[in-house]
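Report on the following structure.
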Amino acid sequence: MKHASFNGRLVMLGCGSIGQGVLPLILRHIDMPRAHIHIVTADERGHEVAAEYGIDITVSPLTRANYRTLLTPLLGPGDFLLNLSVDVSSVALIALCRELGALYLDTCIEPWAGGYTDPSLTPSERSNYALRESALALATSVPGAPTALLTHGANPGLVSHFVKAALLNIARDTGRERESPRTREGWAQLAEQLGIKVIHIAERDTQSADLAKTPGEFVNTWSIEGFAGEGSQPAELGWGTHERTLPSDARHHSFGCDAAIYLLRPGAATRVRTWTPLEGPFHGFLVTHNESISIADYYTMRNGAGVRYRPTVHYAYHPCDDAVLSLYELAGKNWNLQTTRRLMMQEIARGMDELGVLLMGHERTAYWYGSRLTIGEARQLVPHNNATSLQVTAAVLGGMVWTIENPRAGIVEADHIDHARVLEVAGPYLGEMAGVYSDWTPLAGRGALFPEAIDTTCPWQFGNFRVN
126 MKHASFNGRL VMLGCGSIGQ GVLPLILRHI DMPRAHIHIV TADERGHEVA AEYGIDITVS
186 PLTRANYRTL LTPLLGPGDF LLNLSVDVSS VALIALCREL GALYLDTCIE PWAGGYTDPS
246 LTPSERSNYA LRESALALAT SVPGAPTALL THGANPGLVS HFVKAALLNI ARDTGRERES
306 PRTREGWAQL AEQLGIKVIH IAERDTQSAD LAKTPGEFVN TWSIEGFAGE GSQPAELGWG
366 THERTLPSDA RHHSFGCDAA IYLLRPGAAT RVRTWTPLEG PFHGFLVTHN ESISIADYYT
426 MRNGAGVRYR PTVHYAYHPC DDAVLSLYEL AGKNWNLQTT RRLMMQEIAR GMDELGVLLM
486 GHERTAYWYG SRLTIGEARQ LVPHNNATSL QVTAAVLGGM VWTIENPRAG IVEADHIDHA
546 RVLEVAGPYL GEMAGVYSDW TPLAGRGALF PEAIDTTCPW QFGNFRVN
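Residue numbering for the sequence shown follows my numbering, beginning at 126 and increasing consecutively.
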């Protein structure tokens with residue numbers, strides 16, 4: 126099925142695991158001349174896949190000095206820049222696309238190389254909160270600006286649509302069934318009325334290979350540089366109005382929407398308790414992601430100058446087991462990335478990625494909604510993907526289709542666009558979509574071996590989730 130027709134030029138920036146995985150989806154589902162696609166990438170990765178599909182590729186790293194010179198001849202009014210790169214400033218690319226009249230989509234708001242760990246910057250300045258604010262600052266009140274869809278991969282991106290689907294399911298199952306709200310305020314009112322206190326992006330990746338990680342090697346099922354970079358940023362989370370006590374190492378930002386806080390520690394060194402249906406309870410890493418901030422901001426209800434309602438929102442991620450070992454080694458090396466790196470793809474022998482959103486605090490306690498995609502299903506559905514990458518590339522496809530259909534929406538985030546349309550496009554590639562209720566809370570089984578200082582009167586406080 127062709128979901129959209131596109132007559133402009135498409136420049137795909139980056140051809141790593143996501144670029145290679147999304148290319149066959151674009152060719153399958155977007156009606157456009159193959160000759161109109163051009164890949165610009167920093168290294169030789171993806172060269173064979175581009176050749177397989179007959180796509181022109183330019184190998185040239187983008188820098189502050191050359192990105193305008195390289196991209197300006199390739200983009201004009203109505204063209205599309207699909208940014209799947211790392212170490213290239215998203216804000217610079219968005220501004221260039223606005224000047225040229227081109228559409229834009231990325232999966233993460235990236236800084237220039239070194240921006241995640243630059244010691245000259247404060248933790249607040251190298252946070253995802255700051256990156257998001259810098260991108261949103263480019264928005265204009267002038268109607269009809271070319272669409273720039275920010276951070277639309279699996280997470281951030283797809284999970285924002287999962288939240289809306291989950292809210293509608295909870296409303297139906299608790300006797301509050303209603304049509305989908307049409308405004309941000311309508312969605313926030315629904316979340317408040319349902320009593321949603323906390324939203325985890327709860328993910329467990331069980332993919333594994335018979336080839337084990339070796340000392341000095343970083344192994345992962347998706348971008349190693351991307352994961353190490355965001356894992357080295359401060360832990361960040363949307364901060365709910367039900368929270369009673371700010372953690373001792375937590376800070377508010379001095380600018381922006383004030384929907385989130387950050388901790389004075391790396392996200393990849395911060396563990397939280399969470400739950401998915403197949404894994405059950407587990408410890409996930411509180412790695413910073415844009416959706417932790419954007420979802421909290423989107424579902425904020427204000428009372429004049431104050432805030433009446435906002436949920437706590439954060440990522441709780443258990444990557445594949447070899448990636449966990451890689452993170453422990455990375456932390457032990459004081460966050461200096463290993464020189465040997467292996468992206469697991471063909472060697473994966475088993476496992477799945479269970480990615481969803483866990484909504485807690487409502488009258489049925491907890492509800493997880495999301496995708497269960499096995500490596501076997503991923504390989505049957507689309508070449509050049511594993512389970513993790515396909516959840517991302519399917520979301521990229523859905524975001525591209527929406528952007529082509531809505532070319533004059535200005536700068537938008539996943540939370541602001543039509544969740545049903547994106548899920549319609551991405552859904553066939555997400556494996557089993559499951560919605561499961563649970564009576565699990567972060568207090569379950571606590572204090573059995575050692576006494577713990579927990580607040581049993583408010584199980585949804587962040588202090589009850591956090592592992593010190």
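Beta carbons are placed, not taken as given, at the ideal position from N, Cα and C, and that holds for glycine. None of the values given here were measured: they were computed from a predicted structure.
Status (buried if at least 16 other CB within 10 Å, exposed otherwise) for residue i
| i | result |
| --- | --- |
| GLN516 | buried |
| ASP103 | Summary: the structure shown does not reach residue 103, with the chain confined to residues 126 through 593, and so no result is reported for it. |
| ILE526 | Position check: residue 526 holds Val in this sequence, whereas Ile was assumed. By the neighbour-count rule (16 or more Cβ atoms within 10 Å), VAL526 is buried. |
| LYS338 | buried |
| LEU371 | exposed |
| GLU302 | exposed |
| GLU328 | buried |
| ARG189 | exposed |
| ARG307 | exposed |
| MET126 | exposed |
| GLY572 | exposed |
| PRO567 | buried |
| LEU574 | exposed |
| THR582 | exposed |
| LEU292 | buried |
| THR464 | exposed |
| LEU403 | exposed |
| ASP540 | buried |
| GLY524 | buried |
| ARG396 | buried |
Selected residue, minimal CA-CA separation from residue i, among the options
| i | options | result |
| --- | --- | --- |
| ASN461 | SER496, HIS509 and GLN358 | GLN358 |
| GLN318 | GLY486, GLU250 and PHE380 | GLY486 |
| PRO532 | ARG134, LEU228 and VAL136 | LEU228 |
| ALA430 | CYS382, LEU455 and GLY457 | CYS382 |
| TYR178 | ILE151, THR166 and ARG189 | ILE151 |
| GLY409 | TYR254, LEU480, PRO271 and SER419 | LEU480 |
| PRO186 | ILE180, GLU169, PRO202 and LEU199 | GLU169 |
| GLY457 | ALA384, GLY495, ALA394 and LEU548 | ALA394 |
| ALA551 | ILE536, GLU502, THR518 and ASN191 | THR518 |
| TRP493 | VAL482, GLY501 and TYR387 | VAL482 |
| GLY320 | TYR440, THR413, TYR434 and ALA167 | TYR434 |
| ALA175 | ILE219, THR299, PRO508 and GLU472 | PRO508 |
| ILE326 | TYR254, THR413, ALA512 and LEU336 | THR413 |
| GLY392 | THR401, PHE380 and ALA375 | ALA375 |
| GLU224 | SER252, GLY201, PHE131 and ALA448 | GLY201 |
| ALA512 | THR247, THR346, SER259 and SER266 | THR346 |
| ALA264 | ILE542, HIS286 and VAL537 | VAL537 |
| ARG489 | SER210, ALA160 and THR299 | THR299 |
| ILE473 | ARG466, ARG497, GLU454 and ARG504 | ARG504 |
| ARG491 | SER451, THR399 and GLY476 | Reading the sequence as shown, one finds Ala at residue 491 and not Arg. Looking at the Cα atoms, THR399 is the closest of the given residues. |
| ALA279 | ASP543, LEU522 and VAL592 | LEU522 |
| GLN586 | ILE295, HIS154 and ILE324 | ILE324 |
Residue-chain proximity (residue i, chain D), Cβ-Cβ < 8 Å
| i | result |
| --- | --- |
| GLY179 | No chain D is part of this structure, which consists of one protein chain only. |
Delimiting residues of the beta strand (DSSP E) encompassing residue i
| i | result |
| --- | --- |
| ILE536 | 536–538 |
| PRO482 | The residue you asked about is not Pro; residue 482 is Val in the sequence shown. Counting along the chain, the beta strand (DSSP E) containing VAL482 begins and ends at 477–487. |
| ARG376 | 375–377 |
| ARG427 | 426–428 |
| TYR554 | Premise fails: TYR554 is in no beta strand (DSSP E) and is neither H nor E. |
| PRO468 | The question names Pro, but residue 468 is Leu in the sequence shown. 465–468 is the extent of the beta strand (DSSP E) around LEU468. |
| ALA441 | 437–443 |
| ALA273 | 273–275 |
| ARG433 | 431–434 |
| LEU187 | Taken as a continuous stretch (DSSP letters only), LEU187 belongs to no beta strand (DSSP E), as it is neither H nor E. |
| LEU135 | 135–138 |
Start-to-end residues for the alpha helix (DSSP H) that takes in residue i
| i | result |
| --- | --- |
| THR513 | 512–530 |
| VAL449 | 446–457 |
| GLU502 | 500–506 |
| HIS154 | 142–154 |
| ALA416 | Reading off the sequence shown, one finds Glu at residue 416, where the question assumed Ala. Taken as a continuous stretch (DSSP letters only), the alpha helix (DSSP H) holding GLU416 covers 415–423. |
Per DSSP, the bridge partner or partners of residue i
| i | result |
| --- | --- |
| ASP181 | HIS163 |
| SER357 | In the DSSP output, where bridge partners are listed per residue, SER357 has none listed. |
| ARG591 | VAL397 |
| SER496 | LEU480 and MET558 |
| ILE473 | ALA334 |
| SER130 | ASP156 |
| ALA573 | DSSP lists no partner for ALA573. |
| ILE386 | LEU362 and HIS377 |
| ALA491 | MET485 and SER563 |
> Can you list, in chain order, the stretches of the beta strand (DSSP E) that have 3 or more residues and sit fully within the segment 287–349?
Replying inline: Complete beta strand (DSSP E) runs here, min 3: 323–330 and 342–345.
>> Which complete alpha helix (DSSP H) runs does the segment 200–266 hold, if anything under 4 residues is left out?
In response: 215–225 and 253–261
> Taking the runs of the beta strand (DSSP E) that are 3 residues or longer, which of them lie wholly in the segment 388–412?
Replying inline: 396–401 and 405–410
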